[in-house]
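2 protein chains.
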Amino acid sequence: MKLKVKKSKINAATKTICIIHEDDAKKLGVIPLNRIILNYDRKETAAVVNTSTSLVHSGEIIIDSELANILRVNTGDNIKAEPREMLISKEAIRKKIHNKHISFSEAQELIHDVEKHKLNDLEISSFLTAATINGLTDKEIYYFTKAMIETGAHLDFGNNSVDKHSIGGVPGDKTTLLLVPIIAASGIRIPKTSSRAITNPAGTADRMEVLAPVKKTKNQIKKIIKDTGGCIVWGGSFNLAPADDEFIEIERPLNQDSMLLPSVLSKKKVVGSRYVIIDIPVGPEAKVKTKKEGQELGLKFRRIGKMLGMKIDYVLTNGIQPIGHALGPALEAREALEILMKRKNHYLIKKTVELAATMFLIKKKVRTLKQGRALALSIIKSGAAEKKLREIIKAQGGNPNIMPDKIKIGKFHKNVLAPKSGKVKYISVHAIQRIARLAGSPQNKKSGIFLNKKLNEKVKKGEVLYTVYAEHKNKLKNAIKFSKKNNAFIIK
Amino acid sequence: MKLKVKKSKINAATKTICIIHEDDAKKLGVIPLNRIILNYDRKETAAVVNTSTSLVHSGEIIIDSELANILRVNTGDNIKAEPREMLISKEAIRKKIHNKHISFSEAQELIHDVEKHKLNDLEISSFLTAATINGLTDKEIYYFTKAMIETGAHLDFGNNSVDKHSIGGVPGDKTTLLLVPIIAASGIRIPKTSSRAITNPAGTADRMEVLAPVKKTKNQIKKIIKDTGGCIVWGGSFNLAPADDEFIEIERPLNQDSMLLPSVLSKKKVVGSRYVIIDIPVGPEAKVKTKKEGQELGLKFRRIGKMLGMKIDYVLTNGIQPIGHALGPALEAREALEILMKRKNHYLIKKTVELAATMFLIKKKVRTLKQGRALALSIIKSGAAEKKLREIIKAQGGNPNIMPDKIKIGKFHKNVLAPKSGKVKYISVHAIQRIARLAGSPQNKKSGIFLNKKLNEKVKKGEVLYTVYAEHKNKLKNAIKFSKKNNAFIIK
Chain L
1 MKLKVKKSKI NAATKTICII HEDDAKKLGV IPLNRIILNY DRKETAAVVN TSTSLVHSGE
61 IIIDSELANI LRVNTGDNIK AEPREMLISK EAIRKKIHNK HISFSEAQEL IHDVEKHKLN
121 DLEISSFLTA ATINGLTDKE IYYFTKAMIE TGAHLDFGNN SVDKHSIGGV PGDKTTLLLV
181 PIIAASGIRI PKTSSRAITN PAGTADRMEV LAPVKKTKNQ IKKIIKDTGG CIVWGGSFNL
241 APADDEFIEI ERPLNQDSML LPSVLSKKKV VGSRYVIIDI PVGPEAKVKT KKEGQELGLK
301 FRRIGKMLGM KIDYVLTNGI QPIGHALGPA LEAREALEIL MKRKNHYLIK KTVELAATMF
361 LIKKKVRTLK QGRALALSII KSGAAEKKLR EIIKAQGGNP NIMPDKIKIG KFHKNVLAPK
421 SGKVKYISVH AIQRIARLAG SPQNKKSGIF LNKKLNEKVK KGEVLYTVYA EHKNKLKNAI
481 KFSKKNNAFI IK
Chain Z
1001 MKLKVKKSKI NAATKTICII HEDDAKKLGV IPLNRIILNY DRKETAAVVN TSTSLVHSGE
1061 IIIDSELANI LRVNTGDNIK AEPREMLISK EAIRKKIHNK HISFSEAQEL IHDVEKHKLN
1121 DLEISSFLTA ATINGLTDKE IYYFTKAMIE TGAHLDFGNN SVDKHSIGGV PGDKTTLLLV
1181 PIIAASGIRI PKTSSRAITN PAGTADRMEV LAPVKKTKNQ IKKIIKDTGG CIVWGGSFNL
1241 APADDEFIEI ERPLNQDSML LPSVLSKKKV VGSRYVIIDI PVGPEAKVKT KKEGQELGLK
1301 FRRIGKMLGM KIDYVLTNGI QPIGHALGPA LEAREALEIL MKRKNHYLIK KTVELAATMF
1361 LIKKKVRTLK QGRALALSII KSGAAEKKLR EIIKAQGGNP NIMPDKIKIG KFHKNVLAPK
1421 SGKVKYISVH AIQRIARLAG SPQNKKSGIF LNKKLNEKVK KGEVLYTVYA EHKNKLKNAI
1481 KFSKKNNAFI IK
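Written out as structure tokens, the structure is:
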């Protein structure tokens, strides 16, 4: 069926929705939420159908600007619309539900159909849940990684780059903002592409964006790395793993992370990272609950890395409470900058030094971890790390002279007080995470939480436990409402 | 936040979508596909957010007419919009993913949030997949059934009604169209509310709708039953189990059926059916693969029925191939009418007689199954069953004199021929189902398949195996394309 395009700025997050007349939907044999395949000049993609009898005439199709971009069409162009055929990838989903093994060609089909928006969100959600429950074998992870590498843009910032990835799950982790300048200052190239938050109040890209733009082109990144030896940019601005972006869109509301390994490995591979350190936080409410589990995951990363020709190592880190005191993009950027400027002992410095040392070792810059720690610490203490971060901020187009107190925080805030005196015995990572997200993080960059008290600290009744910041009044209200129902702190 | 309503005929199947300005979305702290809670005059529901910078102004909200209906608002009214708070039901979903037990209050929360559209489709899809993989315990099924009964409309067509339900999965099952008139003709009241197809080319409501309207009010149904002793109406026209309708919307594209027992039992309970026979087709491609599995399911129905004060029995039926020759609403209605008129031996008569006999026995109308079979058969042979079906058709507003050859079939059709001579050794239920669905069933009532050959029949090369019917050319093309890639018949 030929349909005449009407461009519109409607946006439904899946990026490819369209509105057609009910009569045309009947002719195509589709109902709302079905997928149709749109074709224009050899470009093809799928779109979610919405129908209307008032917004469009029969023979017309309203498409959003993202879709118009993909197909390169304008208002008035005629595009071809067809119902979606049966997808082989649905068999792959069924297999995972019934705990059977997915083959390489099935993995390819699934990644392809996700990337082309042919699978709908329900189907992807079903697959991700099945993968969460039944797990993925080493071979399946390898297949999905390969398939995602095939569909991704290949940037390759030098085949010998080092890289770091935290599997996340514990809020407040601004380690990358400290680590990249240390490594770059040591003379090792570290082109870091980061993601936005999936389940956390902030991802590295969200944090860095407070200090400098993170949306960069390939050539811009090459120049930044040439000038400074490192960068902290958003990986999502190029199509590193287009299918993974779809997965993340769906994993986010589901709080799931079943495609973790293919997601991480494919993104590292396509930017040419050969040496990768995986940071695995361990804690009762972290993604990984026990050291044993952490080791298993770390070894899995190593094994599959090897299958892909990469050298991977891992560090188990402390994930029993939020990392540092700040949560939320702006608050975290401020804290990272403060730590680098003070250069004094701080848990985050300890953690960063450990990761840096492992990186130096894997790259054979040092011969022992002890040497590596000393080198990392000296780079921080000399001020070389702070200098390098400011260089990178400048190279990415931010203000290199930014001071922590000039970073703007949400104007609405409320203190949460200790209901009694005692010692902080437990901080619920999930509750803190949720309060920060209800307050608006990561979408509202200036929102978040500042923790006044941390684990094992003494506290008096009425003292401030933490402050919630928000950009919007009702977000603050919702966050506080939740905090009243769910104690984030246990004091004994 | 207060927003001014603009009604629109946009339709996205979930029935409750809205479009707000991007700026308002930011203020509410929501992104597209998030839910917001809408309030007007003590009526509350959730809606899926779409954002736009061109279709609405800030301060306005476009809502579809379904949503306008729920809230009883018109263009110009001011409604209250709030972000969705954290849902307790998400914990229930997480529990099922981790194979833990869901409590009654959690089941209530989940059903309530599904019914109020507060849970989004991804979350429901995740729950259904988890329930498919990890299963539901007897207690959980009982809890979900109770929770669904609480939210449903209670019709109660007489506390002693008999009822029948097929768990489905095998296409072509028009048994209900034969069974209801037999039971009603015997003097037992059988108010049958049926559903539309979930995974099949036609559901009973779809088939019956070809013969007479199936959308009836409570009072209309009471009158039909009073006049004829039976009815075959669509259960979806009243809110029998509003949450279940949501589940089905999502189960359909996923081809899943994990809420089968709560769905069936709650719907039977709220219409006052105390005696229920469950038809369980068994076959390699049916929902139930083995007799053992079928017995387990049947006993589960019995056990949970007992917990609910119902008397339930089951019959295992033949599900190794499509039932009868016709698939698709119109083709199946035609076949059912033909069988009742010919009154000759036919597998469908055998099956219907078996179900009727079990029903007579459970209602104590007869003392043995043998007596029951004889009674059922005599009602068919005497013509009383056909007469009763025509009475019901008339009472529901259809043409009581309809002849099979007057039932219209799709004008586009194509024969699929035998590639060689031999015997039909296997018919793939899934492949046949898919071909019929690609041809347009059940949405396009006149589309479907007529099987010329069935299991163990001899066939010559070039003879017609089956004919595909469609209302739209491209649907026929897609169905035939699929049939060429996937052999539905194995001939040896």
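Chain order of the listed sequences is L and Z.
Heads up: the first sequence begins at 1 in this note's numbering, then just goes up one per residue.
Heads up: the second sequence begins at 1001 in this note's numbering, then just goes up one per residue.
For glycine and all other residues, C-beta sits at the position ideal for the given N, C-alpha and C.
Quick caveat, the model's predicted, so the values are computed rather than measured.
Listing by chain order, which chain L residues have their CB less than 9 Å from the CB of Z:R1434?
Counting from one through the second sequence, the residue named residue 1434 of chain Z turns up at place 434. Per Cβ cutoff of 9 Å: M86.
In whole angstroms, give me the CA-to-CA distance for Z:K1492 and Z:G1283.
Mapped onto the second sequence, residue 1492 of chain Z falls at position 492. Mapped onto the second sequence, residue 1283 of chain Z falls at position 283. Z:K1492 and Z:G1283 have their C-alpha atoms some 20 Å from each other.
The alpha helix (DSSP H) enclosing L:T228, as first and last residue numbers
Indexing the first sequence from 1 puts residue 228 of chain L at position 228. Start and end: 218-228.
From Z:L991 to Z:A1046, what does the alpha carbon distance come to, in whole angstroms?
This structure gives no information on residue 991 of chain Z, because the portion of chain Z shown stretches from 1001 to 1492.
According to the neighbour-count rule (16 or more other Cβ atoms, all chains shown, within 10 Å of its Cβ), is Z:N1160 buried or exposed?
Position 160 of the second sequence, counted from the start, is the residue given in the question as residue 1160 of chain Z. With fewer than 16 Cβ atoms within 10 Å of its Cβ, Z:N1160 is classed as exposed.
Does DSSP put Z:P1083 in a helix, a strand or coil?
In the second sequence, the residue the question calls residue 1083 of chain Z occupies position 83. It is a strand residue.
Of all the CB atoms in chain Z, is at least one closer than 9 Å to the CB of L:P202?
For the purposes of this step, residue 202 of chain L is taken as residue 202 along the first sequence, with counting starting at 1. Note that residue 202 of chain L corresponds to Ala in the displayed sequence, not to Pro. For L:A202, the answer is no, since every Cβ of chain Z falls outside 9 Å of its Cβ.
If we require 4 or more residues per run, which alpha helix (DSSP H) segments fall completely within the region 1017-1097 of chain Z?
Here the runs fully enclosed are 1022-1028, 1065-1071, 1089-1097.
Which one of Z:I1061, Z:E1085, Z:D1041, Z:S1054 has the shortest CA to CA distance from Z:R1035?
Start at 1 with the first residue of the second sequence, and residue 1035 of chain Z comes out as number 35. Closest option to Z:R1035, judged by alpha-carbon separation, among Z:I1061, Z:E1085, Z:D1041, Z:S1054: Z:E1085.
What residues in the region 1176-1193 of chain Z have a beta carbon less than 8 Å from any beta carbon of chain B?
Among the protein chains in the structure shown, which are L and Z, there is no chain B.
Measure the beta-carbon distance from Z:K1192 to Z:T1176 and round it to whole angstroms, keeping in mind my assumption that it falls under 8 Å.
For the purposes of this step, residue 1192 of chain Z is taken as residue 192 along the second sequence, with counting starting at 1. For the purposes of this step, residue 1176 of chain Z is taken as residue 176 along the second sequence, with counting starting at 1. Their Cβ separation, rounded to whole angstroms, is 6 Å, which keeps Z:K1192 and Z:T1176 in contact under 8 Å.
State the start and end residues of the unbroken beta strand (DSSP E) segment that holds L:R274.
Numbered from 1 along the first sequence, position 274 holds the residue referred to as residue 274 of chain L. Residues 273-282.
Per-residue burial, Z:A1153 [other beta carbons within 10 Å of its own, 16 or more giving buried]
Against the second sequence, residue 1153 of chain Z aligns to sequence position 153. Exposed, by the Cβ-count rule.
With distance defined between alpha-carbon atoms, name the residue in Z:I1435, Z:G1203, Z:I1017, Z:Q1443 nearest to Z:K1485.
Along the second sequence, read from residue 1 onward, the residue named residue 1485 of chain Z stands at position 485. Comparing Cα-Cα distances from Z:K1485 to each of Z:I1435, Z:G1203, Z:I1017, Z:Q1443, the minimum goes to Z:I1435.
Check the Cβ of L:T129 against every Cβ in chain Z and list those closer than 7 Å, keeping chain order.
Translated into positions along the first sequence, residue 129 of chain L becomes position 129. Going along chain Z in sequence order, the residues near L:T129 (Cβ under 7 Å) are I1097, S1126, T1129, A1130.
Whole beta strand (DSSP E) elements within the region 1289-1324 of chain Z, 3-residue minimum
Counting whole runs of 3 or more residues, the region 1289-1324 of chain Z contains the beta strand (DSSP E) stretches 1311-1318.
CB contact check: Z:D1121 to chain L, cutoff 9 Å:
As a working mapping, residue 1121 of chain Z is identified with position 121 in the second sequence. For Z:D1121, the nearest CB of chain L lies under 9 Å from its own CB, placing it at the interface with that chain.
Would the beta-carbon of Z:N984 fall within 9 Å of that of L:M1?
Residue coverage of chain Z in this structure runs from 1001 to 1492, which leaves residue 984 of chain Z outside it and unanswerable.
Looking at the structure shown, is Z:H1430 part of a helix, part of a strand, or coil, going by DSSP?
Here residue 1430 of chain Z refers to the residue found at position 430 when the second sequence is read from its first residue. Z:H1430: helix per DSSP, three-state reduction.
Taking only beta-carbon positions, decide if Z:L1297 is within less than 9 Å of chain L.
In the second sequence, counting from the first residue as 1, residue 1297 of chain Z sits at position 297. No, no contact with chain L.
Quick one: is L:P329 buried, meaning 16 or more other Cβ sit within 10 Å of its Cβ, or exposed?
As a position in the first sequence, residue 329 of chain L is number 329, starting the count at 1. The C-beta of L:P329 has 16 or more other C-beta atoms within 10 Å across all chains shown, which makes the residue buried.
Please confirm if Z:E1109 has its CB atom under 9 Å from at least one CB of chain L.
For the purposes of this step, residue 1109 of chain Z is taken as the residue at position 109 of the second sequence. No, Z:E1109 lies away from the interface with chain L (no Cβ there is under 9 Å from its Cβ).
Proximal chain L residues relative to Z:F1489, where beta-carbon distance stays under 8 Å
In the second sequence, counting from the first residue as 1, residue 1489 of chain Z sits at position 489. The contacting residues do not exist; Z:F1489 stays about 18 Å from chain L at best.
Looking at C-alpha atoms only, which residue of Z:H1413, Z:K1222, Z:F1127 is the closest neighbour of Z:I1250?
The sequence position of residue 1250 of chain Z within the second sequence is 250, counting from 1. Residue Z:F1127 is the option with its Cα nearest to Z:I1250.
Rounded to whole angstroms, what's the CA-CA distance from Z:T1145 to Z:P1262? Just pull it up for me.
Indexing the second sequence from 1 puts residue 1145 of chain Z at position 145. Indexing the second sequence from 1 puts residue 1262 of chain Z at position 262. Rounded to whole angstroms, Z:T1145 to Z:P1262 spans 4 Å at the Cα level.
Going along the chain, which residues of the region 423-456 of chain L sit with their C-beta nearer than 8 Å to a C-beta in chain Z?
Here the close residues are R434, L438, G440, Q443, N444.
Counting only Cβ pairs nearer than 9 Å, list the residues of chain Z close to L:N474.
As a position in the first sequence, residue 474 of chain L is number 474, starting the count at 1. Neighbours of L:N474 in chain Z, taken as residues whose beta carbon is under 9 Å from its own, are M1001, K1027, L1028, G1029, E1082, P1083 in chain order.
How is Z:N1415 classed by DSSP in three states: helix, strand or coil?
Locating residue 1415 of chain Z in the second sequence gives position 415, where the first residue counts as 1. DSSP places Z:N1415 in strand when its eight states are reduced to three.
Beta-carbon neighbours of L:S105, restricted to chain Z and to distances below 9 Å
The sequence position of residue 105 of chain L within the first sequence is 105, counting from 1. What L:S105 touches in chain Z: nothing, since even the nearest Cβ is about 15 Å away.
Got a sec: which bits of the region 45-56 of chain L sit with their beta carbon under 7 Å from any beta carbon on chain Z, in order along the chain?
So the list reads N50, T51, S52, T53, S54, L55, given in the order they occur along the chain.
Using a Cβ-Cβ cut-off of less than 7 Å, list which residues of the region 1133-1152 of chain Z approach chain L; keep chain order.
The region 1133-1152 of chain Z vs chain L, Cβ under 7 Å: I1133, N1134.
Just how far apart, CA to CA, sit L:L199 and L:M148?
In the first sequence, residue 199 of chain L corresponds to position 199, counting from 1. In the first sequence, residue 148 of chain L corresponds to position 148, counting from 1. According to the sequence displayed, residue 199 of chain L carries Thr and not Leu. Taking the straight line from one Cα to the other gives about 22 Å.
Taking one C-beta from the region 1088-1100 of chain Z and one from the region 1042-1056 of chain Z each time, how about it: are there three or more such pairs within less than 8 Å?
They do not touch, by the three-pair rule.
Could you tell me whether the Cβ of Z:S1237 comes closer than 9 Å to any Cβ of chain L?
Within the second sequence, residue 1237 of chain Z is the residue found at index 237, counting from 1. Contact with chain L is absent for Z:S1237, since none of that chain's Cβ atoms lies less than 9 Å from the residue's Cβ.
Please classify L:H575 as buried or exposed, where buried requires at least 16 other C-beta atoms within 10 Å of its C-beta.
Chain L is shown only over 1 to 492; residue 575 of chain L falls outside these bounds and no answer can be derived.
Leaving aside the five residues before and after L:L260 along the sequence, list all residues of the same chain whose C-beta is less than 7 Å from its C-beta, in chain order.
As a working mapping, residue 260 of chain L is identified with position 260 in the first sequence. Excluding residues within five positions, the ones whose Cβ falls inside 7 Å are I167.
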